[in-house]
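Before any comments, here is the structure.
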DNA sequence: CGTAAATCCGACATACATGTCCGAATTGCG
DNA sequence: CGCAATTCGGACATGTATGTCGGATTTACG
């Protein structure tokens, strides 16, 4: 599961991706149109701006826009700062496990994390917006979010 | 990611699965041998007992044992009570989405959750204990935990 | 210049997961 | 019976994610 911050970030980014490029939308309007908690979303947007995912403009008619095209913007980029980069490698079998030759339960965690990261990095906002909604052949059957 | 409670539950269950069937181990000893927080693990074990995953015996020489064989005990059973059963179906595209015909971003969530649940339900403690650690062919590449 | 609309930042509040502690009940054994 | 080891349950503490609030700063426009 993704954190709520990540979900909000994705919803906002997708919303912005559907506007014409270069158009800015204020935090208040984004929150309104998406039905999200106004102040919290604002905080999330500020973070995305600091991280270079969005570009902010202050003052009247200010707001946020994507820092790059929706074809270039991956889900991983949007979500990166809200998710644990590499989760602690806990051995489920109780610590009898070297890092260079991990046990099976340990391995599964690593594989999962790699697969997850790969998929998040390979999916763009454009993919999400243009893929047919129902009954399509699935290249990414076991993805997240 | 699984919650810490789930990780602890799995570690304890795997530890018990490696003992002979019918042998009980106290919470204190489990915590000691696994290097986990004693009191918190005790609370997790109590929950597992209430849920029918473990069988508890009180008094001196009491403790916990698996409620079924390690071939029958799935990861999903162990983890069930600590994880969200069916996470809220949020549409990433902003709510313009019926439940009977969800949008693509929505669909991916459902697919992911189904795949995750299937895999957790299909893996037993015995699988984790008997699978070769390294260089095996992976039927479950994108699994969790 | 003054005002309105917006981002920015930090402080605070709340919810939930995690972790600790203590007293009560149960059980085996001398 | 009395003691020790254990589960059980609830109360409490802490940490982190989530959510709210208020004030400072920036900016467009009349």
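Chains as they are written, first to last, in the numbering used here: chain A, 279 to 423; chain B, 279 to 423. Even glycine gets a Cβ: it sits at the ideal position worked out from N, Cα and C.
In terms of Cα proximity to residue 333(A), the closest of 284(A), 356(A), 401(A) is 356(A). At the C-beta level, residue 399(A) and residue 354(A) come within 8 Å of one another. Residues are counted here when their Cβ sits less than 7 Å from a Cβ of chain B; for the segment 375-404 of chain A these are 379, 380, 381, 382, 383, 385, 386, 387, 389, 390, 393, given in chain order. Around the CB of residue 347(B), fewer than 16 other CB atoms lie within 10 Å, so the residue is classed as exposed. Rounded to whole angstroms, the gap between the alpha carbons of residue 306(B) and residue 392(B) is 36 Å. Per DSSP, reduced to three states, the secondary structure at residue 408(B) is helical. When rounded, the separation of the alpha-carbon atoms in residue 407(B) and residue 385(B) is 34 Å.
Put simply, the CB of residue 365(A) is near chain B, with a gap under 8 Å to one of its CB atoms.
Between residue 312(A) and residue 290(A), the gap from beta carbon to beta carbon is short of 8 Å.
In this chain, the alpha helix (DSSP H) harbouring residue 322(B) covers 316-328. Beta-bridge annotation (DSSP): residue 401(B) is not paired with any residue. Proximity of residue 370(A) to chain B, defined by a Cβ-Cβ separation below 8 Å, is satisfied. For residue 369(A), the closest C-alpha among the options 403(A), 340(A), 382(A) is that of 382(A). DSSP, reduced to helix, strand and coil, places residue 338(B) outside both helices and strands of the structure shown, so it counts as coil.
Annotated three-state conformation of residue 371(B) is coil, per DSSP. At a cut-off of 8 Å, the C-beta of residue 332(A) has no neighbouring C-beta in chain B.
For residue 357(B), the three-state secondary structure derived from DSSP is helix. In the structure shown, residue 388(A) adopts helical secondary structure according to DSSP, grouped into three states. Taking 8 Å as the upper bound for CB-CB distance, residue 294(A) and residue 344(A) are in contact here, some 5 Å apart.
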